[in-house]
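Colleague:
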Amino acid sequence: MAQPSSGYLYSRNLLRIKASSTVSGTADTTGVDVSQFTSNGLTFIFDCSAVAGAGSLAIKVQECATSGGTYTDVSGATITVDASGVSTLFVPNIKQQYVLLDQTLTGTSVTYSCIAYGQPQDATTSQGYTNSPA
Numbered sequence: 022m023a024q025p026s027s028g029y030l031y032s033r034n035l036l037r038i039k040a041s042s043t044v045s046g047t048a049d050t051t052g053v054d055v056s057q058f059t060s061n062g063l064t065f066i067f068d069c070s071a072v073a074g075a076g077s078l079a080i081k082v083q084e085c086a087t088s089g090g091t092y093t094d095v096s097g098a099t100i101t102v103d104a105s106g107v108s109t110l111f112v113p114n115i116k117q118q119y120v121l122l123d124q125t126l127t128g129t130s131v132t133y134s135c136i137a138y139g140q141p142q143d144a145t146t147s148q149g150y151t152n153s154p155a
């Protein structure tokens with residue numbers, strides 16, 4: 022069965038970047054392998070459940086070729102999480118295998134989670150997927 026062009030999510034298209042937790046200082050998340058999505062871009066979905074002490078969290082997506090290497094900023098891939106709710110960030114230009122979230126906190130704390138949604142590189146119509154528009 023072909024995947025409709027919208028309205029459905031498949032687990033193959035989702036990747037957990039950060040489980041829900043409270044950030045009470047400036048830190049990076051753990052690197053996550055996103056190589057299955059690199060040529061198609063990723064949409065990062067941030068779900069903020071609590072903000073304390075007029076907190077805000079400036080987040081930069083960073084990438085690296087290896088999990089333990091030096092991460093660098095992905096151009097234009099920044100967002101600020103400062104209120105409860107869902108925010109999204111589309112990043113079309115990830116080139117490396119691993120990404121992490123560089124978090125800079127202002128205020129007391131922010132509680133959030135992040136998943137990424139993407140179209141796997143090897144997804145084809147023969148595997149039941151509809152090709153992305155050109």
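28 is the number that the working numbering gives to position 7 of the sequence shown; each next residue is one higher, with no gaps.
Glycine included, C-beta positions come from ideal geometry on N, C-alpha and C.
Note that the structure is predicted; figures quoted are calculated from it, not measured.
1. Take the Cβ of residue 63 as the centre, count every other Cβ of all protein chains shown within 10 Å, and call the residue buried at 16 or more, exposed below.
2. Are the stretch 54 to 61 and the stretch 113 to 122 in contact at 8 Å, needing three or more beta carbon pairs?
3. With a threshold of 8 Å on Cβ separation, who are the neighbours of residue 130 within its own chain once the five nearest residues in sequence on each side are excluded?
4. Let me know if residue 109 comes out buried or exposed under the rule of 16 or more other beta-carbons within 10 Å of its beta-carbon.
5. Is DSSP giving residue 77 helix, strand or coil here?
6. Which residues in the same chain as residue 132 place their Cβ atom closer than 6 Å to its Cβ, once the five residues preceding and following it in sequence are excluded?
7. Quick check: what's the CA-CA separation for residue 141 versus residue 134?
8. In terms of residues, what are the limits of the beta strand (DSSP E) holding residue 94?
9. Which of the three DSSP states is assigned to residue 134 in this structure?
10. Rounded to whole angstroms, what is the Cα-Cα separation between residue 101 and residue 82?
11. Taking just the CA atoms, how far does residue 89 sit from residue 80?
Modeller: With the given structure in hand:
1. Start at 1 with the first residue of the sequence shown, and residue 63 comes out as number 42. Flag for residue 63 reads buried.
2. Yes: the two stretches touch, three or more of their Cβ pairs being nearer than 8 Å.
3. Start at 1 with the first residue of the sequence shown, and residue 130 comes out as number 109. These residues qualify, in order along the chain: 43, 44, 45, 71, 72, 73, 74, 76.
4. As a working mapping, residue 109 is identified with position 88 in the sequence shown. Label assigned to residue 109: exposed.
5. By 1-based counting over the sequence shown, the position of residue 77 is 56. Three-state DSSP puts residue 77 in a strand.
6. Here residue 132 refers to the residue found at position 111 when the sequence shown is read from its first residue. Result list for residue 132: 43, 70, 71, in chain order.
7. Indexing the sequence shown from 1 puts residue 141 at position 120. Indexing the sequence shown from 1 puts residue 134 at position 113. Their backbone Cα atoms lie some 22 Å apart in a straight line.
8. As a first step, residue 94 is located in the sequence shown; it is residue number 73 there, counting from the start. Here the beta strand (DSSP E) through residue 94 covers 93 to 102.
9. In the sequence shown, the residue the question calls residue 134 occupies position 113. Residue 134: strand per DSSP, three-state reduction.
10. Within the sequence shown, the letter at position 80 stands for residue 101. Within the sequence shown, the letter at position 61 stands for residue 82. One C-alpha to the other measures close to 12 Å.
11. Against the sequence shown, residue 80 aligns to sequence position 59. Against the sequence shown, residue 89 aligns to sequence position 68. Using only the alpha carbons, I get a separation of about 20 Å.
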